Amino acid sequence: MKLKELGEFAFIERFSKLFDISSDHNLIGIGDDCAVIPIDDEKSQLITTDTLVDSIHFISAKTKPVDLGYKALAVNLSDIAAMGGTPKYAFLCLTTPQDIEVEWYDKFFEGFKLCCDQFEVKLLGGDMTKTSSHLVITVTVLGIAAKDKIKYRSTAKPGDLICVTDKIGDSVGGLYAYLNELPSSEAVEYLKNAHFKPHPHIAEGKWLAAQSGVHAMLDISDGIESDIHRIMEKSGCGAEIELTRLPLSDWFIKVAKEQNWQMWELAFTGGEDYCLMLTVDPQDYDDLAEKYALLFDKNLSRIGHITDQNELKLTFEGKNHQIRKRGYNHFRKSH
Ligand code: ADP
Ligand code: MG
244 MKLKELGEFA FIERFSKLFD ISSDHNLIGI GDDCAVIPID DEKSQLITTD TLVDSIHFIS
304 AKTKPVDLGY KALAVNLSDI AAMGGTPKYA FLCLTTPQDI EVEWYDKFFE GFKLCCDQFE
364 VKLLGGDMTK TSSHLVITVT VLGIAAKDKI KYRSTAKPGD LICVTDKIGD SVGGLYAYLN
424 ELPSSEAVEY LKNAHFKPHP HIAEGKWLAA QSGVHAMLDI SDGIESDIHR IMEKSGCGAE
484 IELTRLPLSD WFIKVAKEQN WQMWELAFTG GEDYCLMLTV DPQDYDDLAE KYALLFDKNL
544 SRIGHITDQN ELKLTFEGKN HQIRKRGYNH FRKSH
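Residue 244 is where the sequence shown starts when you use the working numbering, and the numbers rise one by one after that.
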């Protein structure tokens with residue numbers, strides 16, 4: 244069977260059985276946003292790694308190197324945020340063609356450093372190899388979290404409200420604006436910025452992880468449509484999401500209407516929002532949302548709830564809804 248027939252997540256499932264660590268209750272390995280290794284009674288080490296490949300995740304000839312450097316680190320920080328941790332150290336591996344201009348890398352590292360400084364992360368090492376093919380950037384980040392505060396994908400409960408920590412869809416809107424070479428406007432530049440310079444929700448994740456009413460959490464990298472399945476699989480539950488509850492920005496709505504995009508479906512399936520999706524005890528939601536809005540000056544939007552049905556049910560203005568396009572999955576378009 245070819246990898247593309249199996250799909251990314253079934254593939255991970257297939258080989259990860261060989262490395263089962265479920266008997267070691269202290270360790271979390273394959274299957275969450277970060278691996279978790281206990282340090283002592285109070286703290287745990289978080290570790291995550293992510294790869295960006297030229298022509299798959301970005302097009303080097305058309306991407307500002309300063310943005311790419313920033314994003315290569317930011318997407319990893321987002322996985323630390325998803326567990327409620329604080330990022331500390333980074334490692335950077337470059338598999339690089341030799342004909343890239345050194346000045347291009349100067350800009351790349353300027354962006355990488357900007358993100359390091361913003362989130363107080365130190366680059367401690369990495370690796371460098373040449374390739375006759377595309378540029379591949381792999382970043383690994385180590386973080387720290389309070390052991391009893393870490394949130395996982397596996398702890399959602401039927402009845403929980405599904406919430407997101409920011410607007411959804413700006414990143415995919417920016418990607419579409421960029422791919423379709425839409426003429427510059429305030430709205431288009433806002434969307435492109437959201438795509439090229441994602442903001443990991445570190446402070447938000449830490450605060451939310453410390454709240455007992457928050458049950459499960461992950462970051463939205465592949466899109467809600469795909470990522471909600473990660474919570475469903477790990478927690479053994481289902482979900483119901485109302486598309487029109489997705490919080491869309493005014494800029495996204497404006498450009499989507501001008502371009503005739505199916506805005507709700509696009510926001511639902513598009514990836515790289517890099518905000519957090521969490522499940523919340525309904526009794527705690529009002530209090531949590533009020534405090535969140537005061538602290539972070541944005542909304543904790545509820546978009547649906549967890550069910551015991553083992554399937555994803557989508558509604559549009561209360562009526563059952565089917566979508567055509569699906570979230571991102573390497574090797575195949577599926578969950
Ligand atoms: P995320 O999008 O949060 O980075 P992924 O969906 O990429 O997470 O990965 C899901 C899980 O599978 C993670 O726990 C990740 O560490 C693990 N994983 C992915 N690829 C591999 C691999 N090649 N070897 C071991 N574990 C992997
Ligand atoms: Mg993640």
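A virtual CB, placed ideally from N, CA and C, is assigned to each residue, including glycine.
Treat the numbers as computed from the prediction; the structure is a model and nothing was measured.
**Beta-carbon spacing of residue 398, residue 459 below 7 Å** = yes
**Message:** Can you tell me whether residue 577 is helix, strand or coil according to DSSP?
**Reply:** Annotation note: pLDDT 47 at residue 577 (below 50); position unreliable, coordinate value reported separately. DSSP places residue 577 in the coil class of the three-state scheme, outside both helix and strand.
**Alpha-carbon spacing of residue 514 relative to residue 469, whole angstroms** = 9 Å
**Prompt:** How do the region 462 to 480 and the region 378 to 389 stand: do at least 3 beta-carbon pairs fall below 8 Å, yes or no?
**Reply:** no
**Item:** Host alpha helix (DSSP H) of residue 318 (start-end)
**Value:** 308 to 326 is the extent of the alpha helix (DSSP H) around residue 318.
**Message:** Quick check on residue 349: does DSSP put it in helix, strand or coil?
**Reply:** Here residue 349 sits in helix by DSSP.
**Request:** Check residue 517 in the structure and name its three-state DSSP category.
**Result:** Looking at residue 517 - three-state DSSP - the assignment turns out to be coil, as it is neither helix nor strand.
**Request:** Give the range of the alpha helix (DSSP H) segment to which residue 547 is assigned.
**Result:** Where residue 547 is concerned, there is no enclosing alpha helix (DSSP H), although the beta strand (DSSP E) it sits in stretches over 544 to 550.
**Message:** Taking 6 Å as the cut-off, is the C-beta of residue 464 nearer than that to any heavy atom in the ligand GTP?
**Reply:** What this structure holds is the ligand ADP and the ligand MG, not the ligand GTP.
**Request:** Would you identify the three-state DSSP class for residue 489, choosing helix, strand or coil?
**Result:** coil
**Request:** Can you have a look at residue 549 and say buried or exposed, based on whether 16 or more other CB atoms are within 10 angstroms of its CB?
**Result:** Buried, because 16 or more other Cβ atoms sit within 10 Å of the Cβ of residue 549.
**Proximal residues to residue 545 (C-beta, below 8 Å), its chain only, five neighbours per side dropped** = Around residue 545: 404, 405, 406, 488, 523, 528 and 532.
**Request:** Report the rounded CA-to-CA distance for residue 551 versus residue 260, giving the unit in angstroms.
**Result:** It is roughly 26 Å from the alpha-carbon of residue 551 to the alpha-carbon of residue 260.
**Request:** Starting from residue 266, follow the beta strand (DSSP E) in both directions and report where the run begins and ends.
**Result:** Looking at the DSSP string, residue 266 is not in any beta strand (DSSP E), and its letter there is neither H nor E.
**Prompt:** With C-beta atoms as the reference, is residue 377 less than 7 Å away from residue 310?
**Reply:** no
**Asked** Per DSSP, which one or two residues make a beta bridge with residue 277?
**Response** Residue 277 is not bridged to any residue.
**Asked** Residues in its own chain within less than 7 Å of residue 418 by CB, not counting five upstream and five downstream?
**Response** 438
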